[in-house]
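Chemist:
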Amino acid sequence: MTSSHTALKPDVRISSTALPLYNSVSLPAANTQSLVHRHISHSPPAAAALMTDTKLRTSRMHLLFMLPLVLEVLSISMSHNFTYDCTCHLELKIAICTSSNFTHLPTALPPFTEQLDLSLNHLSAIRPQAFHSTRRLRVLLLNDNMIGVLADGAFSLLEGLLRLDLSRNRISFLSEGFSRGLGSLRDLSLAENRLTSLDSSCFVHFDALQRLNLSHNAIETIKMRAFGSMSTLRQLQLNSNNLTVLKNGIFSMLRNLEVLNLHHNQIHYLDVGMLSPLTSLALLDLTNNNLSTIQFKTFLSLNTYSTHIMLQGNPWDCDCDLQRVFRKLCNVKRLFLDDFDNLTCVNLDESHRNYTMKEEFCVAEMVTVLVITMTVVITVVAAILMAEKKRKTKNKEKHWTEVGELACASHD
28 MTSSHTALKP DVRISSTALP LYNSVSLPAA NTQSLVHRHI SHSPPAAAAL MTDTKLRTSR
88 MHLLFMLPLV LEVLSISMSH NFTYDCTCHL ELKIAICTSS NFTHLPTALP PFTEQLDLSL
148 NHLSAIRPQA FHSTRRLRVL LLNDNMIGVL ADGAFSLLEG LLRLDLSRNR ISFLSEGFSR
208 GLGSLRDLSL AENRLTSLDS SCFVHFDALQ RLNLSHNAIE TIKMRAFGSM STLRQLQLNS
268 NNLTVLKNGI FSMLRNLEVL NLHHNQIHYL DVGMLSPLTS LALLDLTNNN LSTIQFKTFL
328 SLNTYSTHIM LQGNPWDCDC DLQRVFRKLC NVKRLFLDDF DNLTCVNLDE SHRNYTMKEE
388 FCVAEMVTVL VITMTVVITV VAAILMAEKK RKTKNKEKHW TEVGELACAS HD
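Okay, so the sequence shown: first residue is 28 according to the working numbering, each after it adds one.
1. Considering R442, what are the terminal residues of the beta strand (DSSP E) in which it resides?
2. Assuming R261 and S279 make a contact with CB atoms under 8 Å, what is their CB distance in whole Å?
3. For Y332 and R207, I'd like the C-alpha separation in whole angstroms.
4. Report the partner residues of S224 according to the DSSP bridge assignment.
5. Closer than 6 Å by C-beta to G255: which residues in its own chain qualify, once you throw out the five before and the five after it? Chain order, please.
6. Measuring straight from C-alpha to C-alpha, what distance separates D298 and L329?
7. Does T306 come out as helix, strand or coil in the three-state DSSP assignment?
8. For A410, count neighbouring C-beta atoms within 10 Å of its own C-beta (all shown protein chains included) and say buried if the count is 16 or more, exposed if not.
9. Taking C-alpha atoms, which residue in R195, S224, R221 and R190 lies nearest to R213?
10. Where in the segment 148 to 219 do unbroken runs of the beta strand (DSSP E), each at least 3 residues long, occur, reported from the N-terminal end onward?
11. Could you spell out the range, first to last residue, of the beta strand (DSSP E) harbouring Q264?
12. In three-state terms, what does DSSP make of C357?
13. Smallest Cα separation from L364: which of T161, F323 and R418?
14. Assuming L188 and H159 are in contact, meaning their beta carbons sit under 8 Å apart, how far apart are those beta carbons, in whole angstroms?
15. Please tell me whether G210 and E186 are closer than 8 Å, where the distance is taken between their beta carbons.
16. L287 bridges to which residues according to DSSP?
17. Looking at I294 and L311, is the spacing between their C-beta atoms short of 8 Å?
18. Please say whether A245 and N269 have beta carbons closer to each other than 8 Å?
19. How long is the line joining the alpha carbons of L143 and I174, rounded to whole angstroms?
20. What is the residue span of the alpha helix (DSSP H) that F326 lies within?
21. Could you tell me the alpha carbon to alpha carbon distance between C357 and K419, rounded to whole angstroms?
22. Is H295 near the ligand NAD, in the sense that its beta carbon is under 7 Å from a heavy atom of that ligand?
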């Protein structure tokens with residue numbers, strides 16, 4: 028189907044009954060017969076032969092005109108896989124096959140399709156080179172299916188693909204060949220799947236990726252350099268997983284990362300140098316984890332122009348040391364603790380349970396320190412005074428002794 032034939036509509040319903048589309052094709056009227064009749068009326072002897080020859084040539088012209096249409100319609104209609112309809116917007120190069128109960132990928136889509144929506148179907152696996160007939164795809168939506176298997180090289184022919192949505196499926200493992208051929212991909216969503224770990228080979232071919240959504244999985248482990256090839260990544264969603272510890276090296280190549288969402292995990296420990304490679308980080312969300320304390324150097328290692336840090340919803344074990352850490356962080360000009368006033372303590376007694384990090388809950392310790400300091404000062408002063416008194420007493424005794432000796436000498 029090409030837009031050059033004006034009788035065809037731009038929106039076409041493709042199905043297993045696509046052949047009736049022939050009925051919608053209007054052929055141009057053949058005016059040649061009337062011309063022939065006018066011509067042969069002046070030549071009676073050759074009328075029959077000329078009429079026959081003209082009819083044959085007219086039929087051939089019709090066949091030549093119809094042949095491209097026939098071939099194109101047949102290419103769309105011959106696939107037995109089209110049990111339900113897809114809507115193809117030919118001028119926009121979009122095919123919408125959503126909510127059609129597909130269990131296998133359709134194979135009769137227009138080859139020039141650039142956007143394909145296969146969401147809300149029953150697809151369970153993507154075989155190798157599955158999109159060989161639609162290599163021009165730039166947007167591919169496979170969300171809300173039952174996909175549990177992604178074969179090596181499943182997307183290897185889609186070298187121009189920019190966006191891939193695999194969210195809300197049943198994917199539990201990413202092989203080394205998963206990213207093959209996706210060197211141009213900018214946006215990838217694997218949200219709401221069943222991933223439990225990220226290996227160093229999962230994303231090796233993502234040379235241009237800018238947004239990666241891995242939220243709402245069950246990720247517990249991120250191997251060293253799992254994101255090693257994604258130096259162009261700008262947004263990383265890792266929220267709502269089962270992460271507990273963030274070690275040095277897992278973000279080592281993400282120097283262009285601007286947004287890192289880690290909220291709603293079970294993180295209780297951050298390595299001191301874990302954040303240091305993130306030199307472009309603008310937002311770090313660590314809300315609703317299991318952090319009870321932090322080290323000043325962990326966040327001081329963020330060598331950025333400006334970073335907003337979210338820490339609310341953690342079970343802070345408040346003491347004077349932690350309060351000093353937060354106060355020092357608040358004084359670092361490039362760091363912004365946006366929810367500092369809402370950081371609550373869980374280790375205090377009931378009467379102080381709602382205390383926030385900004386409260387002076389170290390008054391008793393401060394009084395103790397003050398008392399000890401005053402005691403030391405008083406003791407030192409008393410010692411100095413006693414020493415001075417003894418010195419004066421000793422000097423006085425020495426003076427009287429010298430006076431007595433002088434008196435005895437003058438008497439003699």
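Beta carbons: idealized from backbone N, C-alpha and C, even for Gly.
Modeler: On the basis of the coordinates in this document:
1. For residue 442 there is no data in the structure shown, the boundaries of the chain being 28 and 439.
2. Not really, about 16 Å apart at Cβ, beyond 8 Å.
3. 35 Å
4. T248
5. M280
6. 13 Å
7. coil
8. exposed
9. R190
10. Listed in chain order, the complete beta strand (DSSP E) runs (minimum 3 residues) inside the segment 148 to 219 are 166 to 168, 190 to 192 and 214 to 216.
11. Q262 to Q264
12. helix
13. Per the C-alpha coordinates, the member of T161, F323 and R418 positioned closest to L364 is F323.
14. With 8 Å as the limit, L188 and H159 do not qualify as a contact, their Cβ atoms being about 14 Å apart.
15. Against a cut-off of 8 Å, the Cβ pair of E186 and G210 comes out as a contact.
16. According to the DSSP secondary-structure assignment, L287 is paired through a beta bridge with L263 and L311.
17. No.
18. yes
19. 16 Å
20. DSSP places F326 inside the alpha helix (DSSP H), whose first and last residues are F323 to L327.
21. 54 Å
22. You won't find the ligand NAD in this model; it holds no ligand whatsoever.
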